[in-house]
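K.L.:
Below you'll find the structure I mean.
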């Protein structure tokens, strides 16, 4: 059965573009080339159907004995309570921005006699982006919280069964993210092109559609920033709070049911690592595709491609479609034997990922050579991204996995105490930024020139976008291998709390540890693609400046030797630092509140520690939830308002420099934080595996300090920076017209005052 | 006597420019305006004479009892041994670069038939810059190592006497740095203008002189980077090594004579904090003046200033002259009563600094309005720098002093262990970058527009340079308050080792703690001026690109939307991170070697700990010296070669972006590292003063971890970043012609290969 399905997909993958092409009689024969969006829509439906099949299959598995079910239910309830509160706060933000965007899009043109700073579809597009981003996280989390006890129970029978349940639930997340991403994209396209365009409602041609869609990217990024930041604060506050009072002060083991914060801790894995990551990667995926489509519009216009313009615009979405199909095929190749070791499990996951990558390379080669004869350079751009992704992922693993030298050496630093470990980890994180930056630099150049940047700059920039799309095209499967980690982690917690036999815990540990390795790979893709997408968005911002000031794109010049540009650069570089500091400070404050609550419960009900009283899990969940909600607002507002305020005061060229500076610094800081954090985590695991004195040794104590420092690095500040740089770019793009208008007024005012 | 001297200086300060002006019959009356360099030369001689007077006076003080003299001698010998070794390594580097520069300046024109990529004076100028920079550090260190026992002995009589000796020795450093800086500058000017120009030896006009002088800036910066980095590695390796084995493992107190590394530790204060800082600030001072003079040449040419061009070029040197006189006057105002408290001592130092600042403001107002009637905006640029310096210095103190909230709150984080302290300190450092960046951003804009940047861009950029000169004009006195700290620190060590009565140690502690506060101010100036100077150097680089490609400056466009520029930006941003990582890694490795040596001595000679055997101080000094020398080479080479290699491969516009990116990121990272490190240090001191449980409490243990992590931050990586960004800019400027020539060849080759 599965084999037939597999062959069917392969056939569809290779034949579909060929059929489309043949049907149209070749690319040059018709004026009305096929709308590739139908493939994208089909891809999204296939992904969603596949997700539903997997959900149904997962739900059929047994939830295990009563104790397992109880814990799973408590985690599920806590996660849902969190997400409800989160949506309350986020919907206020969305409502406010909806009103602001609505005012600019609908009221300003009336007041100013037709001056149109925003398309009228922008406010609604913004809402849908946020809605789908949140929905991806929600579904992923719902499934993950249902799958944790099932994984634990399956692992009590065999390692392979455990892997299947956890991996299936991760695959659901992967499929939901890509499926919903492409669905939102296709639906807007279809609506705008086939309904509003014929009606003549504010759209003159299909080329105007992608710039409007950038707004739903902004919606998706806003929702993702809240999800990542709120989830990141929640999970680390609960984690640190649980550890500091439970492990250190009361001396009870991790995941002990007597610890009031233990459920909050497990909830944290789900709201941070699952819901947060889902929304995050939804945003990355959609962002890369629409940014590239928008540049495609501009490039097609400049190149005078005529009837082929549409193909040019839709190529990114089509590459995404190929990626979806290849990812689904890849998931079928992830299988392991009953007696699998850690190594064979890793090989199983890798087989899936690499097969998908190879499939995409082959299929996109054929697709591009059919659709764009003579422009095979575009395939070069896609491949540049795909290869850069693999390189970055490898080096992320190299720097953070304890099978390689850097983390092994770092672990040795624990023997001279926590200080040398911290210095070593920071130094490791900083030096590890070199390879990804050089890779992205070469990838950027490669993608630019492959796509013909030496003749048309915009086409080259479009190539950079294609590289981002290429890098993320395997998302369906890389996210699956990534998102299964927290499920395995939770399953381990459940196994511990329900006192399963040691071999069960050993199996869940094996799954968890595998998850850490694949998560590193996933982070590499997220960071690398963020840099490339941000570069594409910066280019699109330049394009919008050209549109609004009615000059040619080649005349949009942000010269580094101009002080307005230099200051933008400095402001841009400092923003990620300030944002990261705010996020880390937030974790500290929220953790303190948790510490106080756990101490209060232990003091008020001494029976808790004796096992006679039941701790109040819900109040800890609530405190973490409230802390996260309160703390996520200020940094998020800074991200959204900074480019707007800078634009008002200093104009669009300063904003351009700000975006470039923030992208460069955010990229470097994100890698540093992810890799320092990952290396500290794995150095601790390396010692816990019995090296350098093992658990309880002074080395281990030092390693715990490193791990705690690394937590907000890798799970709160670091991942948010990827979203931050794209969100700022999108906000700038959406508000570009308003900024130029306000800045003109402001400069006029200044000149009036100083008589210049 | 002193009062008369004081009045004399005030009169000279105010009358000199007026006389000069009157003598010439007003600015417009003569074709041959006075050469302001004579003032600069006079200022340099006054500063150096003053330094000699202070040295003689200091040497007359008693060296105290035999034990004090012995320790002082051991530290002196160790420091000299270090500096000798350092000069050996550095002279190899200088010899190699001399040959390279000589080849380009003298041989290439012969080979290529006259193509002149470098002035023929460049190789020798490079050497003199390095020589004077090293000499500043050497003299300062020599005096400091002679003054430490004298301070300790003076403090055994009274606090005020101790302050006077230490402060005098700091003042020597201040005067030597500014004196030698202006001397090198004046001598080259006089040589080139009055000897080689009339002879027609490779110089066509006085306007060509400043760009040649940039090379001695490069020499000064290279020597400074080695001094800072080598000294920083040495001092932290010795410090960490002494603490880890001595305090932690053997359980003997700090500065205990039984610890073999204790002399190396005290040597470290001198080679790092005195010699390193001296070379560093020499480089900052000279760099800011010559970068601005070079821009002055360009601006004067563009503005068609005619006979006033010379005044325009020399204004920065003249402002420096005013600063020297004002600083000398300021040092006379630093006095305290016998019963002085910490607070009154601080007020005494502040009186000196603020009086100098006010004097400079007034004197430069008169000077500029006499020299440039109608262009008082130039004074605005100078003032912008002065004020920005004061603001940055205040906020540096705000974030790092334990009299303010941030460090107090940080100290509280120690109660929940080292991890929360580290997270809090990193977060504090990151958020503290916002104010200096915004200050520099506003200062940049202010200086630019005050100097008339809206009509002539180059003039505006010249204004940015003037702001840097203004900020550093008080260096004579700020460096005095800064450099006295390590002397007080050493005196404290000597008091401890020679078992002085507690009130002596209390006095030296008061002096030391005061030094920490003023050092924070000094760091603020160094960092702020580095950013402004680097911006001026970037502008000068742009100017050189214009010269070499024979286009107008306004056509030198590094557009952020071009991928060549974007990649330069990313590479630039990552460089400071990689450099900082290398420096931190170097400290770790050098410290490990020290730990091994101390352990070896304790094991081989058990009598050391019993007090019966004398430890081998010299071998520890040697190990630290060798470690520092070995480790400083790679990061320094990276700094020098990175812009050259990038220039060869990608051309001058990528280099321009690289410099801008490195300046922005280096600036932010330097502030973060300085402030995190300073706050951790003071949080520890705050606890040691008896708060939160005091010495020996768990909070104190956590604070020690923070302090150790902060050491390489604030004393190794952080301060080097200031030098790094300027050195890279100067290297780029010196090699610009070569880079353009090589890049043309390389691009031609690529085009040949790919048939483009």
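Residue numbers (my numbering), protein chains in the order written: chain A, 7 to 762; chain B, 7 to 762.
For glycine and all other residues, C-beta sits at the position ideal for the given N, C-alpha and C.
Among 438/B, 731/B, 191/B and 330/B, which one has its Cα closest to the Cα of residue 586/A?
P.N.:
438/B
K.L.:
Within 10 angstroms of its Cβ, does residue 32/A collect 16 or more other Cβ (buried), or is it exposed?
P.N.:
With a pLDDT of 43 at residue 32/A, under the threshold of 50, the modelled position of that residue is not reliable, and no figure is offered here.
K.L.:
Distance check for residue 351/A and residue 481/A, CA to CA, integer angstroms please.
P.N.:
20 Å
K.L.:
Sorted by chain position, which residues of the same chain lie with C-beta nearer than 6 Å to residue 455/A's C-beta, five sequence neighbours on each side aside?
P.N.:
none
K.L.:
Using a C-beta to C-beta distance shorter than 7 Å, which residues of chain A count as neighbours of residue 565/B?
P.N.:
563, 564 and 565
K.L.:
Residues of the stretch 524-550 of chain B with a CB closer than 7 Å to any CB of chain A: list them in chain order, please.
P.N.:
541, 545 and 548
K.L.:
For residue 587/B, return the contacting residues in chain A, with the cut-off set at a CB-CB distance below 7 Å.
P.N.:
Residues of chain A whose Cβ lies closer than 7 Å to the Cβ of residue 587/B are, in chain order, 433, 436 and 437.
K.L.:
Given a cut-off of 8 Å, decide if residue 340/A and residue 357/A are closer than it, judged by their beta-carbon atoms.
P.N.:
yes
K.L.:
Is it buried or exposed for residue 550/A, if we count other Cβ within 10 angstroms and need 16 for buried?
P.N.:
Residue 550/A comes out buried.
K.L.:
Return the Cβ separation of residue 428/A and residue 428/B in integer angstroms, given the expectation that the two are a contact with Cβ distance under 8 Å.
P.N.:
6 Å
K.L.:
Rounded to whole angstroms, what's the CA-CA distance from residue 191/A to residue 293/A? Just pull it up for me.
P.N.:
Roughly 10 Å separates the two Cα atoms.
K.L.:
By the 10 Å Cβ neighbour count, where 16 or more other Cβ atoms means buried, how is residue 576/B classified, buried or exposed?
P.N.:
buried
K.L.:
By how many angstroms is the C-alpha of residue 730/B removed from the C-alpha of residue 236/B?
P.N.:
Whole-angstrom Cα-Cα distance: 14 Å.
K.L.:
Given a cut-off of 8 Å on the beta-carbon distance, is the pair residue 216/A and residue 300/A in contact?
P.N.:
yes
K.L.:
Quick check on residue 101/B: buried or exposed, where buried means 16 or more other Cβ atoms within 10 Å of its Cβ?
P.N.:
exposed
K.L.:
How would you list, in chain order, the residues of chain B whose beta-carbon sits under 8 Å from the beta-carbon of residue 446/A?
P.N.:
576
K.L.:
Do residue 175/A and residue 288/A have their beta-carbon atoms positioned less than 8 Å apart in this structure?
P.N.:
no
K.L.:
Is the number of C-beta pairs between the stretch 602-616 of chain B and the stretch 685-693 of chain B that are closer than 8 Å three or more?
P.N.:
no
K.L.:
Could you check the C-alpha separation between residue 99/B and residue 77/B for me, to the nearest Å?
P.N.:
33 Å
K.L.:
With a cut-off of 8 Å on the beta carbons, I'd call residue 253/A and residue 721/A a contact; round off their distance for me.
P.N.:
Rounded to whole angstroms, the Cβ separation of residue 253/A and residue 721/A is 18 Å, and the two are not in contact under 8 Å.
K.L.:
Should residue 447/B and residue 567/A be called a contact, given that it needs their Cβ atoms to be closer than 8 Å?
P.N.:
no
K.L.:
Which residue spans inside the stretch 640-682 of chain A form an unbroken beta strand (DSSP E) run of at least 3?
P.N.:
none
K.L.:
Could you name the residues of chain B that residue 397/A contacts, counting a contact when the two beta carbons are closer than 7 Å?
P.N.:
Within 7 Å Cβ-Cβ: nothing; residue 397/A doesn't reach chain B, min ~16 Å.
K.L.:
So is residue 505/B buried or exposed if we call it buried at 16+ other beta carbons inside 10 Å?
P.N.:
The Cβ neighbour count for residue 505/B, taken over all protein chains shown within 10 Å, is under 16; the residue is labelled exposed.
K.L.:
If you pair each beta-carbon of the stretch 274-287 of chain B with each one of the stretch 72-89 of chain B, do three or more pairs fall below 8 Å?
P.N.:
yes
K.L.:
Between the C-alpha atoms of residue 487/A and residue 178/A, what's the straight-line distance to the nearest angstrom?
P.N.:
11 Å
K.L.:
Could you name the residues of the same chain whose beta carbon sits closer than 6 Å to that of residue 180/A, not counting the 5 residues immediately before and after it, in chain order?
P.N.:
482, 485 and 486
K.L.:
Taking only three categories from DSSP, how would you classify residue 166/A?
P.N.:
helix
K.L.:
What number of angstroms, rounded off, separates the C-alpha of residue 465/B from the C-alpha of residue 306/B?
P.N.:
8 Å
K.L.:
Considering only the beta carbon of each residue, do residue 365/B and residue 399/B sit closer than 8 Å?
P.N.:
no
K.L.:
What number of angstroms, rounded off, separates the C-alpha of residue 54/A from the C-alpha of residue 152/A?
P.N.:
18 Å
K.L.:
Would you give the residue range spanned by the alpha helix (DSSP H) that residue 44/B belongs to?
P.N.:
43-66
K.L.:
Mind listing the chain B neighbours of residue 440/A? Cutoff is C-beta to C-beta under 7 Å, in chain order.
P.N.:
580 and 584
K.L.:
Check the Cβ of residue 608/B against every Cβ in chain A and list those closer than 8 Å, keeping chain order.
P.N.:
Those within 8 Å of residue 608/B in chain A number zero; the least Cβ separation is about 16 Å.
K.L.:
I think residue 1/A touches residue 681/A, with their Cβ atoms under 8 Å apart; what is that distance to the nearest whole Å?
P.N.:
The requested residue 1/A does not occur in the structure, where chain A is confined to residues 7 to 762.
K.L.:
State whether the stretch 656-670 of chain A contacts the stretch 703-714 of chain A, with contact taken as three or more CB pairs (one from each stretch) at a distance under 8 Å.
P.N.:
no
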